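S.K.: Just dropping this structure here.
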Amino acid sequence: MKQHAQNPSTLSSRPVPSSVPGGQISPPGASNNKWAILIVAAIGTFMATLDSSIVNISLPSIAHEFGVPLSGEVEWVVIAYLVATAAIMLTAGRLADMLGKKVIWVSGLIIFTVSSACCGLAPTLPILIIARAVQGIGGALTMAVGPAMITGAFPTHERGRALGLNAITVSLGISVGPVLGGFLTGALSWRWIFFVNLPMGIIGLIATFIVLKGGIQHNEAHFDPLGALLLAIGLACITAALSFGVELGWLSPLILTLLSIGILSLLALPYVEMHVGTPVIVLSLLKNRVFTSSILSLLLGTLALFAVGFMMPFYLEELRGFSTQLSGLLLTPMPLAIAFIAPFSGALADRIGTRWLAAGGLTICCIGLVLVSFLNAHSSIFDIVWRLFLIGVGQAIFQSPNNSALLGAAPREHQGSASGFLATSRTIGQSVSIALAGAVFTSLGGATAGAILSSGKSGIQTAALQQTFVNSFHAAFLTCAGVAAIGILTSLVRGKEVRHSTQKAEAAITR
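1 is the number of the first residue of the sequence shown in the numbering used here; add one for each residue after it.
Here it is, written out as structure tokens:
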């Protein structure tokens, strides 16, 4: 391998295979398909992120049509998707390593597209919730494989740039979702927020069969059903508990039961995994310092930052009295900053490494969170916008380099599992972020104060209620800033990144 790397002319004259072991869709460094693969991955990524952000704004309309309260079972329209996604993403990544990425990707697109149609046609709320859970499974299959597809299609020295470009898709899905959801619900009906996935899913499937080569991989490894079941139960129960903890109370019997089942399942998982030949989780990945540090940084970064999108609507609509449309527009600076800067941070990571970029990005996020915490009832729109933009800049500088380090630390035969770790960490971080920020905000009286202020019945207590809201808002964001500060440390301790020998040779092919 070393001899070939020293002779680029010899390497460039060698024929390039159309597929490689590990379910690779095209050879890393091959220029014939890498940009097309990025576009295909972007379609699935956009669908999944759009669907995670487009539904919330339509919940009142869904609740009204089915005649249920907004704070009751209709919440499961969102939570069912989240629970199903968290439950199987790691398993999906492992299956991609065993069967090949294409088969998992195609399965995800088909399930997501068909279940989207079922959501739009759902005659009852329970059927809608079930369809949303199935949709979450489809979303999990695509999200668990997408980053691995991109990593496999691009050589090592272009990986950060490619993941940065993919971050644009994520940002667009997040930012377009509320605006598009509000428009479709207002102009047509809430059902069209699901029907909009149909043309995208069909285009994605056609593009997949045109661009992606290879089929089901013949792998002698056997699937671990018991490990997959324990993992699914553990993550699903913990995600559900985190989703309902603030509303039902952390000491309620249901929450305690869910947490107990989830923790016991995850505690039993390592014992099961050590006694099977092909575990559903590749625990050996966690022995890599760069990989583990990147996973922890991603988890902590998501935990700190996802609360911004969760908390800011309460500030904008309840404390400030802004309309839903204006509030949606004021939330766009953060994803727009990510869309503009992430490609550049990814390309820079290819040149100078990821350690200092990831730590620097989270440092900017930490400062931005502290600054947002000082917003009050009289802050100008400019004060709101530039603070959110600053957080977006930090997130863009952090996200692409950190994801590049995470995926680059995994051997090529475990890229699917690494991608599953990435997607699962992001989902768990989002759930914990909402639970943590919501718990702090609610416990200090912010939720109650906001509800009274938005009802227009605050009267002479308006000033006191505003102060209670601001104090609670301040504490919640300072807590998130503290989490981001810990993430800075986990980014700094990752150590030196080491390329795998296969990646070195593959990068040489393109030079």
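Don't be surprised by glycine CBs; every beta carbon is placed ideally from N, CA and C.
Note that the coordinates shown come from a computational prediction; the quantities given were computed from them, not determined experimentally.
1. Pairing CB atoms from the region 445-456 with CB atoms from the region 346-358, are three or more of them under 8 Å?
2. Quick one, are the C-beta atoms of T208 and W105 less than 8 Å apart?
3. Is K102 buried or exposed, if buried means 16 or more other CB atoms sit within 10 Å of its CB?
4. Just the C-alpha distance for Q430 and L305, rounded to the nearest angstrom, thanks.
5. Would you please state the rounded distance, in angstroms, between the beta carbons of C480 and L369? I believe it to be under 8 Å.
6. Check whether the region 402-414 touches the region 374-381, counting contact only when three or more Cβ pairs, one atom from each stretch, lie closer than 8 Å.
7. For the alpha helix (DSSP H) containing V393, name the first residue and the last one.
8. Taking the CB atoms as reference points, tell me whether Q554 and F154 lie closer together than 8 Å.
9. Look at the Cβ atom of M149, then the Cβ atom of I37, and state whether they are nearer than 8 Å.
10. Note the first and the last residue of the continuous alpha helix (DSSP H) segment covering F374.
11. Within the continuous alpha helix (DSSP H) that includes G152, where are the two ends?
12. Hey, out of G108, A92, F398 and I364, whose CA is closest to R387's CA?
13. Under DSSP, the alpha helix (DSSP H) around Y81 begins and ends at which residues?
14. With DSSP collapsed to three states, give me the class of K34.
15. With distance defined between alpha-carbon atoms, name the residue in A342, G309, T490 and S116 nearest to I202.
16. Please tell me whether E158 and D350 are closer than 8 Å, where the distance is taken between their beta carbons.
17. Can you give the beta carbon distance from A423 to I338, rounded, assuming they're within the 8 Å contact cut?
18. Is G321 helix, strand or coil by DSSP?
19. State yes or no: is the C-beta of A409 within less than 8 Å of the C-beta of V290?
20. The alpha helix (DSSP H) that contains S455, what's its start and end?
21. Using the C-alpha atoms, what's the distance from A86 back to C566?
22. Quick check: is any heavy atom of the ligand SAH less than 7 Å from the C-beta of R320?
23. When the Cα atoms are used, what is the spatial distance from A80 to F469?
24. So, for I434: in the same chain, excluding its five sequence neighbours on each side, which residues have a beta-carbon less than 6 Å away from its beta-carbon?
25. What does the alpha-carbon distance come out to for the pair E466 and L331?
26. Rounding to the nearest angstrom, what Cα-Cα distance links N403 and A268 in this structure?
27. Please state whether DSSP places M47 in a helix, a strand or coil.
28. Pick helix, strand or coil for N56, following the three-state DSSP scheme.
29. Please identify the residue among L319, L50 and L492 whose C-alpha is closest to the C-alpha of G173.
30. Which word fits E318, buried or exposed, when buried means at least 16 other C-beta atoms lie within 10 angstroms of its C-beta?
31. In whole angstroms, give me the CA-to-CA distance for P28 and M98.
32. Against chain B, does L38 count as a neighbour if the rule is that its beta carbon must be under 8 Å from one of theirs?
33. Using the C-alpha atoms, what's the distance from E247 back to A476?
M.R.: Looking at the coordinates:
1. no
2. yes
3. buried
4. 8 Å
5. 5 Å
6. no
7. I381 to G408
8. The requested residue 554 is not part of the displayed model; the chain covers only 1 to 511.
9. yes
10. Premise fails: F374 is in no alpha helix (DSSP H) and is neither H nor E.
11. L125 to A153
12. I364
13. W76 to L99
14. helix
15. S116
16. yes
17. Contact doesn't hold; Cβ gap of about 17 Å is too wide.
18. coil
19. yes
20. G446 to S455
21. Lying outside 1 to 511, the shown extent of the chain, residue 566 is not represented and no answer is given.
22. The ligand content of the structure shown is nil, which means the ligand SAH is not present either.
23. 30 Å
24. F310
25. Residue 466 is actually Gln in this sequence, not Glu. Looking at the two C-alpha atoms, the distance is approximately 21 Å.
26. 29 Å
27. helix
28. helix
29. L50
30. buried
31. At P28 the pLDDT is 39, less than 50, meaning the model places this residue with poor confidence and gives no usable figure here.
32. This model lacks chain B altogether; it includes just one protein chain.
33. 17 Å
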